[in-house]
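In the numbering used here, the protein residues as written are 14 to 431. Worksheet: one structure, shown below.
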Amino acid sequence: MGMTMSEKILAHHAGKNFVEPGQLVICPLDMVLANDVTGPPSIKEFEKIGKPVFDTEKIALIPDHFQPAKDIKSADLAKIMRDFAHKNKIKHYYEAGRVGIEHVILPEFGIVAPGMLTIGADSHTCTYGALNGFSTGVGTTDLAVGMATGKSWFKVPEAINVHLTGKKAKYISGKDVILTLIGKIGVDGALYKALEFSGEGVFELSMTDRLTISNMAIEAGAKAGIFPFDEITKNYVEGRVKKSYEPVAADTDAKYSQIVEINLSELKPVVALPHLPENVKNVEEVGEIKINQVVIGSCTNGRLEDLEIAAEILKNKKIHENVRAIIIPGSQAIYKEAVHRGLIDIFIDAGCVVSCPTCGPCLGGYMGILSAGERCVSTTNRNFRGRMGHVDSEVYLASPYVAAASAILGKISTPAEI
Numbered sequence: 014m015g016m017t018m019s020e021k022i023l024a025h026h027a028g029k030n031f032v033e034p035g036q037l038v039i040c041p042l043d044m045v046l047a048n049d050v051t052g053p054p055s056i057k058e059f060e061k062i063g064k065p066v067f068d069t070e071k072i073a074l075i076p077d078h079f080q081p082a083k084d085i086k087s088a089d090l091a092k093i094m095r096d097f098a099h100k101n102k103i104k105h106y107y108e109a110g111r112v113g114i115e116h117v118i119l120p121e122f123g124i125v126a127p128g129m130l131t132i133g134a135d136s137h138t139c140t141y142g143a144l145n146g147f148s149t150g151v152g153t154t155d156l157a158v159g160m161a162t163g164k165s166w167f168k169v170p171e172a173i174n175v176h177l178t179g180k181k182a183k184y185i186s187g188k189d190v191i192l193t194l195i196g197k198i199g200v201d202g203a204l205y206k207a208l209e210f211s212g213e214g215v216f217e218l219s220m221t222d223r224l225t226i227s228n229m230a231i232e233a234g235a236k237a238g239i240f241p242f243d244e245i246t247k248n249y250v251e252g253r254v255k256k257s258y259e260p261v262a263a264d265t266d267a268k269y270s271q272i273v274e275i276n277l278s279e280l281k282p283v284v285a286l287p288h289l290p291e292n293v294k295n296v297e298e299v300g301e302i303k304i305n306q307v308v309i310g311s312c313t314n315g316r317l318e319d320l321e322i323a324a325e326i327l328k329n330k331k332i333h334e335n336v337r338a339i340i341i342p343g344s345q346a347i348y349k350e351a352v353h354r355g356l357i358d359i360f361i362d363a364g365c366v367v368s369c370p371t372c373g374p375c376l377g378g379y380m381g382i383l384s385a386g387e388r389c390v391s392t393t394n395r396n397f398r399g400r401m402g403h404v405d406s407e408v409y410l411a412s413p414y415v416a417a418a419s420a421i422l423g424k425i426s427t428p429a430e431i
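This is the structure we're talking about:
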């Protein structure tokens, strides 16, 4: 019997010829990741172990959630990370001025690659499946053990084959693909399974689309969201990844627990209504929902292509007088390129606030907290009650196309309405 992409990566790392769903394996790790929320408790647990870090080049510590520090507590968290990184000579430590959102800069810097096995004390570590790797979120104790031993245990997951066909229409992006999928199977539809993408529709998706889709695999309960290695992947990693890597492909006789068909040609701009990512409707069906804020950024949609989409819609337009629009580039490199391409001028001329790279409002941190009764259209990944501020606020998840159009019209809208 053949193996899925997930099974092949775990089998290779476990030193086995074959693994199957439900099997427990112990694997050496290629990368271990933590941020300023999860890093400090992981460091505390690590120090109880009493061992040195397993490899100074295979640990990434990225203070991005509350950075630049918004208050004394967040400054203290960053200091714990900084002191630990300097003491242990951690190569991949990046902070203000060099930092970006962790799941944006690790692919951008070539730190993650095809075939790699990565764990991170952050649920959206599944992002790197876009590059044909197996990456998943873990708890702080597992991360501490990973930093000390370079190993972690895994239960081999079943896989769902998401078969993509057709071509994207105008104003359709990876965000519409993943929200449509979550709307089909629900927030627990892939619980402890891997989402594996296949079909000719894969070639319609840019790397930005794929990173967005893999990023939100966890929103369907998945352990990972993996794309096949192709020319798009190869072109992205060339010049970024300096080490050797081994792509994987699913066998033709690989076994899947389910096959979900999505025809990209049939997709329409969608929005996830409060308070779950599965509450997905076509924008044209939601009626007139007035909004107070728009956020374009995050590890889901803070890449250059996302900013280009927003700028395309916002050029020579003005933000609605009742709306605050916040643009957050995912990294310093993206911010700089956006400046060079004139995107920042477009945003500022439209009346937007442009932030430095940070997770910020996505998790209710800062740079855009909502008050009671306020509504926000956001390109982030979660819209749980109280996620971005007051428990009586509302977050609507959407693509940069929909978010930018909504900012202009002051209500949930598509670019076609402008």
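Yeah, the Cβ is synthetic: ideal placement off N, Cα and C, and Gly gets one too.
Scanning the region 265-303 for uninterrupted beta strand (DSSP E) segments of 3 residues or longer gives 271-276, 283-285, 293-295, listed from N- to C-terminal end. P34 and A24 have their C-alpha atoms roughly 11 Å apart. Looking at T178, A351, I421, the one whose alpha-carbon comes closest to that of K330 is I421.
Contact annotation: V408 and S384 have beta-carbon atoms that are not nearer than 8 Å.
Counting only residues of its own chain and dropping the five nearest sequence neighbours on each side, T69 has a CB closer than 7 Å to the CB of N101, K102, I103, K104.
Fewer than three beta-carbon pairs drawn from the region 32-51 and the region 273-289 are found closer than 8 Å, and the two stretches are therefore not classed as touching.
Between D155 and T51, the CB-CB gap reaches or exceeds 8 Å. Less than 8 Å separates the beta-carbon of M229 from that of T313. For A418 and T265, the gap between their C-alpha atoms comes out near 42 Å.
According to DSSP, residue pairing for Q306 in a beta bridge involves R337, C389.
By the C-beta density criterion, N248 is exposed, having fewer than 16 other C-beta atoms within 10 angstroms. Across the structure, N48 and E259 are spaced so that their CA atoms are roughly 27 Å apart. Under DSSP, K424 takes part in a beta bridge, and its partners are K303.
Excluding sequence positions up to five before and after A157, its CB lies within less than 7 Å of the CB of S55, E58, F59, I62, all in the same chain and listed in chain order. Within the DSSP secondary-structure output, L327 pairs in no beta bridge. Just so you know, the alpha carbons of E121 and D96 end up roughly 25 Å apart. For N174, the enclosing beta strand (DSSP E) has its first and last residue at 171-178. Looking at the DSSP output, N248 shares a beta bridge with no other residue. Between the region 344-362 and the region 374-389 there are fewer than three inter-stretch CB-CB distances shorter than 8 Å, so the stretches are not counted as touching. Look at the beta carbons and you see the region 108-120 touching the region 364-373: at least three pairs across the two are nearer than 8 Å.
A direct Cα-to-Cα measurement between A235 and M220 gives close to 20 Å.
Look at N396 here: in three-state DSSP terms it is coil, with no helix or strand label. Of the other Cβ atoms in all chains shown, fewer than 16 fall within 10 Å of the Cβ of A182; this residue is therefore exposed. Considered as a whole, the region 87-164 harbours 115-121, 153-162 as its complete alpha helix (DSSP H) runs of no fewer than 4 residues, in chain order. Residue pairing of E209 in beta bridges, as defined by DSSP: N174, I239.
Under a 10 Å Cβ-count criterion, V125 is classified as buried, with 16 or more other Cβ atoms of the shown protein chains found around its own Cβ. A direct Cα-Cα distance of roughly 7 Å separates I198 from A233. As a beta-bridge residue in DSSP terms, V45 pairs with I72, I132. Here DSSP, grouped into helix, strand and coil, assigns L37 to strand. Contact check for T178 against N276 passes: the beta carbons are separated by less than 8 Å. Ranked by Cα distance from L74, the first of I85, L90, K64 is L90. Counting along the chain, E407 sits inside the beta strand (DSSP E) bounded by residues 407-410.
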